[in-house]
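Chains as they are written, first to last, in our numbering: chain A, 6 to 235; chain B, 83 to 593.
Think of the CB as a built atom: it goes at the ideal place given N, C-alpha and C, for glycine as much as any other residue.
This structure is a prediction, so every number in the text was calculated from the model and none was measured.
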Amino acid sequence: MSTSPEVLLVEDEPDIRCFVRDALRREGFRVTEADRVSTALIAAADNHPALVVLDLGLVDGDGLRFIDEFRVWSQQPILVLSARQGELDKVAALDAGADDFLSKPFSVPELLARIRALLRRADRSAGTSEAAVFRFGDVDVDLARHEVKRLGEPVRLTALEFRLLAILVANAGKVLTHRHLLREVWGPEHVDDSHYLRIYVGHLRQKLERDPALPAHLLTEIGVGYRFVI
Amino acid sequence: MNWSANDAPTVRHYVTALGICALTTALTLPLLGLIDPANIVLLFVLAVVLVAARLGRGPAVLSSFAAVACFDFFFVPPRFSFTVAHAQYLITFSVMLLVSLIVSHLTDAYRRKAFEAERRAGESALLHQLAGALLGALTVEQVAERLDEVCGRLLAAGSTLFIAAENGALAHVTAGNRHVDIGELTTARVVFHNRQATHLNTDLRDGMVTVLQPLDGATRRRGVLALHFSDGDAPRDHALLSAVAAVVTTAIERIHFVEVAHASTLDMQTERLRSSILSALSHDLRTPLTVLYGLADSLASSGRLDSDQQATAATLRDQSHRMHRMVDNLLDMARLRSGRIVLRRDWQSIPELVGASVRAMAPWLETGRLRFDWPADLPLVEIDAVLMERVFCNLLENAIKYSPPDATIDIGARLCTQTAGTTLQIRFDNPGPGFPPDRVDRVFDLFERGTTESPVPGVGVGLAVCRAIVAAHHGSIAAQNTADGARVLIELPIGDTPAVPAEGGADEHLA
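1. Whose C-alpha, out of A:GLY33, A:PHE24, A:GLU16 and A:VAL25, is nearest the C-alpha of SER43 of chain A?
2. Is there a C-beta anywhere in chain D that falls below 7 Å from the one on LEU165 of chain A?
3. What does THR369 of chain B reach in chain A if we use C-beta pairs closer than 9 Å?
4. So the candidates are B:CYS498, B:VAL291, B:PHE474 and B:LEU413; which of them puts its Cα closest to the Cα of SER439 of chain B?
5. If you count every other CB in all the chains shown that lies within 10 Å of the CB of SER206 of chain B, and 16 or more means buried, which is it?
6. Determine the extent of the alpha helix (DSSP H) in which TYR201 of chain A is found, giving its start and end residues.
7. Using a Cβ cut-off of 7 Å (strictly closer), state whether PHE454 of chain B contacts chain A.
8. Enumerate, from N- to C-terminal direction, the unbroken beta strand (DSSP E) stretches of 3 or more residues contained entirely within the region 388 to 444 of chain B.
9. Below 8 Å on the Cβ atoms is my guess for ALA568 of chain B versus ALA560 of chain B; work out the distance and round it to an integer in Å.
10. Is it true that the region 124 to 131 of chain B meets the region 143 to 152 of chain B, where meeting means three or more beta-carbon pairs spaced less than 8 Å apart?
11. Identify whether ALA560 of chain B lies in helix, strand or coil by the three-state DSSP scheme.
12. I'd like the ranges of any alpha helix (DSSP H) spanning at least 4 consecutive residues and lying wholly in the region 321 to 397 of chain B.
13. With DSSP run on the structure shown, which of helix, strand or coil describes GLY230 of chain A?
14. Kindly give me the distance between the Cβ atoms of VAL180 of chain A and GLU214 of chain A, rounded to whole angstroms, as I take these residues to be in contact under 8 Å.
15. Just to confirm my understanding: we take ILE264 of chain B, look at its own chain, exclude 5 residues before and 5 after, and list those with CB closer than 8 Å. What are they?
16. Does DSSP classify ILE576 of chain B as helix, strand or coil?
17. Taking 7 Å as the threshold (C-beta atoms), are LEU363 of chain B and MET405 of chain B in contact?
18. When DSSP labels each residue in this structure, what does GLN295 of chain B get in the three-state scheme?
19. Using the beta-carbon of each residue, which ones in chain A are nearer than 9 Å to ARG441 of chain B?
20. Rounded to whole angstroms, how far is the Cβ of ALA434 of chain B from the Cβ of THR505 of chain B, which I believe are closer than 8 Å?
21. Drop a sphere of 10 angstroms on the beta-carbon of SER389 of chain B, count the other beta-carbons inside from all chains shown, and report buried for 16 or more, exposed for fewer.
22. Locate the beta strand (DSSP E) running through VAL138 of chain A, then write down its first and last residues.
23. Is it buried or exposed, PRO217 of chain A, if we count other Cβ atoms within 10 angstroms and call 16 or more buried?
24. Determine which residues share a DSSP beta bridge with ASN52 of chain A and list them.
25. Please state whether the Cβ-Cβ distance between LEU452 of chain B and VAL409 of chain B is less than 7 Å.
26. ASN176 of chain A to ARG70 of chain A, Cα distance in whole Å?
27. Taking 6 Å as the cut-off, is the C-beta of ARG121 of chain A nearer than that to any heavy atom in the ligand GDP?
28. Since I believe ALA135 of chain B is in contact with THR189 of chain B (beta carbons under 8 Å), could you give me their beta-carbon distance rounded to a whole number of angstroms?
29. I'd like to know whether the C-beta atoms of LEU13 of chain A and ALA50 of chain A end up nearer to each other than 7 Å.
30. Given that PHE24 of chain A touches chain B, what residues does it touch there, using C-beta distances under 7 Å?
31. In the DSSP output, which residue or residues are listed as bridge partners for GLY463 of chain B?
32. Using only the alpha-carbon positions, how far apart do HIS310 of chain B and LEU252 of chain B sit?
33. Hey, does HIS208 of chain A have any beta-carbon neighbour from chain B nearer than 7 Å?
34. Would GLU227 of chain B be called buried (16 or more neighbouring beta carbons within 10 Å of its own) or exposed?
35. Please list the partners that GLU92 of chain A has in chain B, where partner means a Cβ-to-Cβ separation under 9 Å.
36. Mind pulling the alpha helix (DSSP H) runs of 4 or more residues that sit fully within the region 443 to 520 of chain B?
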């Protein structure tokens, strides 16, 4: 299968669908379009897309329904498009199984970059061995050996800092919600203690980012969670 | 209504009682000799029973004695004398008197009971008719009208309703064209503000008696009911008036609560309409802007345009994004103004939020122009991150707009300990002309801009939104001019920052 990857584009505004489709085609993707949840589910079953771009506000129902049904049989990445204000919708979509989101209006290069990152990640996790060594900025992380180096020098991380970093790095390109991170790192009884995250993310930025005030890798998605960009 | 059962017998009644005895004597005299004296005694007892039934106990007692006297004087030998020939007549007199007294007592008791029953029937008829009449009343005016009609028909009384407004002011609602003078209103006010239940007021001028009864509702006193009787008709029993007042109060409260329910339904509908207009507006404005921005961005990043066309596409893209931010500001302002915005507060780090805001503004900002001053021990603050990001983006946009292209924008924070408590102070400094000195205090007003005819775009919503958001967080925002430019200061109250459990040094990871 050396053909270009198939992208399913679910959007009910024809004009938005049109320019996104053109941008995706220019980038070499094959594009299937759908304007409602029902047709999108059929198109997904027929074409087995490598990635889904999904508008959350569809006419015939919530995009969440699509995510729920799609996730039953496919683990291919879903990128959600939504309005700026819909923080709760974004969190709900991510909890349901979406991988990333873009707020409207979005920049086309940004959309393409996100799609490439998600496809790379999907390829990686589909590969035979889970990658254990990551490099970003000045930092090398070896998850298997619990090693973190910055400019070749070892960096001291606490156990929780390392666990947080490991989850973020392993899910690079994906948005992880506050509750997800808190559950994974601190345990299910701490899912509402978001202040833990603020403090530990601050520590990681101080230790790993070139400019902690303007982080380039450990990014804040306001009201939603964190995204790690390699 | 006949209240005579309670009335004391008048002299006329006693005279009538004596008259009946005389009449009995006159009618019986011709029969003397034809019938037995024992039957004559029975006729006299019958007369006493009649007197008791018609005239009450006092006249009946009088007629008992009179009957015995008449019988003795006219019928018992020796006639026309009170002397009695046979001692057996003493027994006759005693028994006759006793029987007359007992019979008159019993008759009177039954008569009173009959009157009482009639009165109660009348009262319940009044209350029943009143309740029925008020059931259909939809306004307080209708209550007054129907009350007046029922009272006029069944109580022979006029009525005035005084209704208290929400602030306690008393206003009268009268049926027809009854005149309410200031004295009456004053008396009603006294009754309304007194805790006492009933107040009787006699108006001497035209012989009317006014009874005032407070209308005590479930939650508060709703007003005062005044009933006007002609002298003599006024009831002494105020239980009935209390019952009338209770029926009227129920009607008034029902109308009040219907109005309250109606108003809240209306309120809810208005609110629902407002929010559905806002979301429709937001969708209808954002969709074309998203398309515009996306198309311009595709064009600008396609790499197939010459440099002039490229610049035009970039301008299109930037302007449509700016328009989008403006729409966001206007919609946020509308939402904040409606006063129904719910803050989603969470513990946030200000440096982290400012960093994320800078990233959102990154395409329009050379990040090298920014200088941050974040103390290491800055506490978290409990704020709505999405709204506060809007504040920071607006301040960044302003700082870019109103400063020279290469000037450094200074952003920092510090803790301020004052007598009122500790606050977190956030500072945005940008070099440039600063705010116009005469309008520094007004730059946060809606649609107020530093310069009225400035070449720099913007409609002055940005800073107004900032103030509304900061105010919703119980903070303050102020504009100042520094030596070389403009400064905006935000102060946010510091809560009890939750503790983060420390990790022991032992489980530190050594690389």
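Considering the structure as presented:
1. Among A:GLY33, A:PHE24, A:GLU16 and A:VAL25, the Cα nearest to that of SER43 of chain A belongs to A:GLU16.
2. In the structure shown, chain D cannot be found, because the protein chains are A and B.
3. Result: GLU18, ASP20, ILE21 and LYS109.
4. Considering only B:CYS498, B:VAL291, B:PHE474 and B:LEU413, the residue with the shortest C-alpha distance to SER439 of chain B is B:PHE474.
5. Exposed, since its Cβ has fewer than 16 Cβ neighbours within 10 Å.
6. Taken as a continuous stretch (DSSP letters only), the alpha helix (DSSP H) holding TYR201 of chain A covers 199 to 213.
7. Chain A has a Cβ within less than 7 Å of the Cβ of PHE454 of chain B.
8. The region 388 to 444 of chain B is shown to contain whole beta strand (DSSP E) runs of 3 or more residues at 427 to 430, in chain order.
9. Contact flag wrong, Cβ pair sits at about 11 Å.
10. Taking one beta carbon from each stretch, the region 124 to 131 of chain B and the region 143 to 152 of chain B have 3 or more pairs nearer than 8 Å; the two touch.
11. Three-state DSSP puts ALA560 of chain B in a strand.
12. You should have 321 to 382.
13. Residue state, collapsed to three classes: strand.
14. That pair is no contact at about 18 Å.
15. Hits under 8 Å: none found.
16. In this structure, ILE576 of chain B counts as coil in the three-state DSSP scheme.
17. No. Outside cutoff.
18. Annotated three-state conformation of GLN295 of chain B is strand, per DSSP.
19. Neighbours of ARG441 of chain B on chain A, chain order: LEU219, PRO220, LEU224 and THR225.
20. It is worth fixing the name first, because residue 434 of chain B is Glu in this sequence and not Ala. In fact, because the Cβ distance is near 19 Å, the residues do not count as touching under 8 Å.
21. SER389 of chain B should be labelled exposed.
22. First-last of the beta strand (DSSP E) with VAL138 of chain A: 138 to 141.
23. A residue is called buried once 16 or more other Cβ atoms fall within 10 Å of its Cβ, and PRO217 of chain A is buried on that count.
24. In the DSSP assignment, ASN52 of chain A forms no beta bridge with any residue.
25. It is not a contact, given that the beta carbons lie outside the stated cut-off.
26. Taking the straight line joining both Cα atoms gives about 24 Å.
27. The ligand GDP is not part of this structure, which contains no ligands at all.
28. Between THR189 of chain B and ALA135 of chain B the beta-carbon gap is near 5 Å, inside 8 Å, which marks them as a contact.
29. Not in contact: LEU13 of chain A and ALA50 of chain A (Cβ atoms no closer than 7 Å).
30. Residues of chain B passing the Cβ test: VAL373, GLY376, LEU377 and SER380.
31. The sequence given here places Val at residue 463 of chain B; Gly does not occur at that position. Residue pairing by DSSP places VAL463 of chain B opposite B:GLN430 in a beta bridge.
32. If I take the Cα positions, the gap works out to 19 Å.
33. Chain B contact via Cβ: absent.
34. With a 10 Å radius around the Cβ and a threshold of 16 neighbouring Cβ atoms, GLU227 of chain B comes out buried.
35. Proximity of chain B to GLU92 of chain A at the Cβ level (cut-off 9 Å) is accounted for by ARG426, ALA467 and VAL468, in chain order.
36. Counting only runs of 4 or more residues that sit fully inside the region 443 to 520 of chain B, the alpha helix (DSSP H) segments are 467 to 483, in chain order.
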